[in-house]
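In this note's numbering, the protein residues as written are 6 to 1161.
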């Protein structure tokens, strides 16, 4: 069978739309073209002639079409060749536009039935009365078919099952792939649900799934879907009912059969629309004729009035000039008023600009004044702070000078002692020299023979004494140097110990900060984490424990919030312990809570205020009465900020506990110590309280009375942040502090390494000095022994007198050595003292420089203060000036705006008057007075001319314009309508030609296919189309063989018409004809009821084979064939065939049981 793909509807086959393109119709071939239907130039309708007459003789709507005459043998050969070339072709199953399933509820004989269809060939098999035809009727009705076409009733309400009030038909169409309809909405199915009510009304619902939401409910959606998939449900080629199938050929005469052909191929619909268009064209022609007949009279009237007007051209020109002057005069008044308005509007704008500038200046002064006041206050505070800070510097300078003077005095004393020692050394040395000369003289006198030996011994003694003297002087120097090194090492060790201690403190602070970061991180999920480590199990046990009076309150910080975060640090110091504590009402509850706290403390619980430095303690348990006493009389918040004023406490009992134990209503707060002292002075001077305590945000505290006060730093809080507002910023702050600690650790480690190196270097120097001292001692021992021997020998040789002198000499020598050693010590002390004085002088210079460095700052602050005070004076003066200017300008603006409103109304009033004369504004440079004079003279001239003519020129002119407009409009309408008539006739000629061509092609295709389908049963069939008389006849030719008396056989040919066919021949021919026509239409659904009712087994098998091959070879076509007979003897195997067996007649079925 010829493969038939998806085709467009016949009205889509026209390659061009002549109505949209009127000059393209000549591109198509036609048998005959009438005169006057060629291309029409638009210039034919735009001539300057007033005559609009055109040739009205047109060709008939329907051009003569000569049917092509093909030889049947050539057609059959071409058709056979095509079938051979496509042998074995399997068409593609459609994924869109075919029926997936149908569900019936209370429809005809079915209470509830669901039938699932295959994509190609479907055989619905069942005994009579099983409701097969009801399925086909439901398909037709659901897809928009009329009830009377189904042959099952006169109206939709006849299709409702007896006893039910409504029937519901649900069809599911496949809708996937490239050819899907609106796949973004219906995917992958289109569910069409039609409900029929007992009153005959019905409604539609369109869904994407059976249980999905309704997408549309209008019949127009069904029309769009049917048009998209080429489903023409009213066509007999789409659904052939049982009655139509039985009497299809038996009762069909050639005219009805031809009509069936036209209806099935949709050609009749097109022809009806063409005929309606032709009638409209004829109506248009008649209208044009009537319009043309009225033209001469209109033209005569126009020319008559034109002649009259030409006779009075001068008057008309004057009249036009007068009207122009009147318009110009009207608008000149408007222009004069607009000038006055614009001048006033300019004044208003100028005043508004001035007011804006004044307001800007006032805003600027309002903005500058607080800034200047703040700057003056800040400068005054800076001056006071500078004075306060300069006092310690002046004291330090005085102390440094005193130390320098004391050191200088001590140096002078040392220098005086050195001079005395030097004088004593000189005296002793002089005495020694005299004594040595005396001894020398005695030696020469007493023992001349021993002089040489004695001289040698004296030289040896002198040499030994000289060396020993140097050694004795060098040893103390080295010992002093070693002692200095020892003291320096001791100091370095102390520095190292201090560095290590600081490093340990910083490491502890780092650990505390890290714990704070961890705690703050936990606060992101639970604020309770701020008040203790492992506090959650503790609170769980507190919540689950039975208490004698009431559950403890706590931690109390959960009810306390800080409003001003500047005071977070100082308040955490003051209240940290209390905020992490608990409160109870009963003594026994206090004991029980204390035991619970101790137990959890042993398990790792630590209150949030603990520090690594101080260690952790079990939090305090407050016992309170629960009395909500009035504390307003003692509240000092009205005099300044107190701790209470900066807190928001959500629990009244917690509030009273903090007032009782921490006096938060009386303890004052200040940003700095200076402001705290100022607040304290103010409160004491006003006798607000005899004793005042102020805690400062800079971690300073001042307290006292009028006669006695003291201030000092507050310990830094090292526990968890208890007033965290922004967790992220708090963590960033802690991390920055941790980074600062890390930097300090690096510096301290570097200092520790350098100090350790210095200690090691000093130790090495001390070892070397000790070794040197030991070496000096070792060197002195032999010298001392030698000196002693020399002295004994000299003593042996000396007399008593000489011995005495020698003894004195030795004493002098020892005293000189002692004095020189003492001198050496004093000189070393002087050098040290000079170094100390230099350091003290440098310290004085440094402190003096620090003190003097404040002088320019103070001078600059004083100048700045003076400048700011002068600036404030200027700002106040400007503020007063601009305020007065604003009042004056606003008063003027109010008057100007009132005047402008009046002028605007005046302009609008005159504009409305001018618009009555002319819709468009005319600009003129003449004044109203000039125009009035000119118009008055012209009025007089027109009156005189009109009196002379005796004609009312205004009425004459108006009537002429009216008649000329009517004539021009009628002429243009005739031209346009003629052009439209020609275009429409040309389009209709082209469409009729195309329609005849299409009808011829479809008929040829159907004739050829019918011959081939009939040949499958050894039948020779013909379809005879008589398009001229609109008849279609079906002729079947077969041969029979008869035996004569003499034994010979004779073949006799028989030609039968449709009514002469047997039941089997008629049914087989019906199938052949349907297959032939189906090959020419694009509808994807083909339904046929009781297609085989009159077929014998052989014909039924061949017909079924033809149908199944047609389904297999077709692209995107679905067949639904209904039969009461069994499918025995017919091959229904394969994935493209489906047999649906209906249950035996039994009303009220459920879901259909199907078998293969």
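C-beta atoms are modelled at their ideal positions from N, C-alpha and C, and glycine is treated no differently.
Keep in mind it's a predicted model, so treat the numbers as computed, not measured.
Three-state secondary structure assigned by DSSP to residue i
i	result
residue 693	coil
residue 1142	strand
residue 701	strand
residue 111	strand
residue 1038	strand
residue 615	coil
residue 1028	strand
residue 1150	coil
residue 1132	coil
residue 1162	With the chain covering only 6 through 1161, there is no way to say anything about residue 1162.
residue 727	coil
residue 474	helix
residue 1061	strand
residue 1066	coil
Bridge partners - residue i, DSSP secondary structure assignment
i	result
residue 417	In DSSP, residue 417 forms no bridge with anything.
residue 198	175 and 210
residue 588	558 and 627
residue 244	1092
residue 129	1127 and 1145
residue 718	705
residue 165	112
Residue i versus residue j: straight-line alpha-carbon distance, rounded
i	j	result
residue 137	residue 82	40 Å
residue 165	residue 121	22 Å
residue 233	residue 104	15 Å
residue 915	residue 921	10 Å
residue 840	residue 405	15 Å
residue 850	residue 734	45 Å
residue 885	residue 366	11 Å
residue 1162	residue 852	The chain is shown only over 6 to 1161; residue 1162 falls outside these bounds and no answer can be derived.
residue 1010	residue 979	46 Å
residue 549	residue 601	12 Å
residue 715	residue 699	11 Å
residue 728	residue 566	7 Å
residue 910	residue 902	12 Å
residue 65	residue 987	Because residue 65 carries a pLDDT of 45, less than 50, the predicted location of this residue cannot be relied on, and no value is offered for it.
residue 423	residue 417	10 Å
residue 1174	residue 440	Because the chain spans 6 through 1161 in this model, residue 1174 falls outside it and cannot be assessed.
residue 323	residue 948	10 Å
residue 191	residue 220	9 Å
residue 337	residue 985	50 Å
residue 470	residue 490	30 Å
Exercise. Can at least three beta-carbon pairs, one atom from the stretch 742 to 759 and one from the stretch 506 to 517, be found at a separation below 8 Å?
Worked result: yes
Problem set entry | Every unbroken alpha helix (DSSP H) within the stretch 914 to 995, with a cutoff of 4 residues, ordered by chain | 933 to 954
For this session: Return the chain-ordered ranges of every beta strand (DSSP E) run that is complete within the stretch 1091 to 1130 and spans a minimum of 3 residues.
Result: 1123 to 1128
For this session: Entirely within the stretch 643 to 670 and at least 3 residues each: give me those beta strand (DSSP E) ranges in chain order.
Result: 652 to 654
Exercise. Should the stretch 855 to 871 be regarded as contacting the stretch 386 to 405, the criterion being three or more beta carbon pairs within less than 8 Å?
Worked result: yes
For this session: Assess, as a yes-or-no matter, whether the stretch 286 to 302 is touched by the stretch 869 to 877 under the definition of 3 or more beta carbon pairs within less than 8 Å.
Result: no
Exercise. Three or more beta-carbon pairs under 8 Å between the stretch 377 to 387 and the stretch 889 to 907, yes or no?
Worked result: no
Exercise. Are the stretch 569 to 585 and the stretch 500 to 514 touching, with three or more C-beta to C-beta distances below 8 Å?
Worked result: no
Problem set entry | Three-pair Cβ contact test at 8 Å for the stretch 635 to 649 versus the stretch 537 to 556 | no
Exercise. Can we say the stretch 1013 to 1033 touches the stretch 1116 to 1134, given the rule of at least three CB pairs closer than 8 Å?
Worked result: no
Exercise. In the stretch 789 to 851, which residue ranges form an unbroken alpha helix (DSSP H) of at least 4 residues, counting only runs that do not cross its ends?
Worked result: none
Problem set entry | Touching by the beta-carbon criterion (3+ pairs, under 8 Å), the stretch 689 to 703 and the stretch 591 to 600 | no
For this session: Spell out a yes or no on whether the stretch 581 to 596 and the stretch 688 to 697 are touching, meaning 3 or more CB-CB pairs, one atom from each, closer than 8 Å.
Result: no
Problem set entry | Three or more C-beta pairs below 8 Å linking the stretch 995 to 1015 and the stretch 1074 to 1084 | yes
Exercise. With contact counted as at least three CB pairs below 8 Å, one residue from each stretch, are the stretch 122 to 141 and the stretch 1137 to 1145 in contact?
Worked result: yes
Exercise. Are there three or more Cβ pairs, one per stretch, closer than 8 Å when the stretch 264 to 273 is compared with the stretch 165 to 179?
Worked result: no
For this session: May I ask you to verify whether the stretch 281 to 288 touches the stretch 987 to 996, counting CB pairs closer than 8 Å and requiring at least 3?
Result: yes
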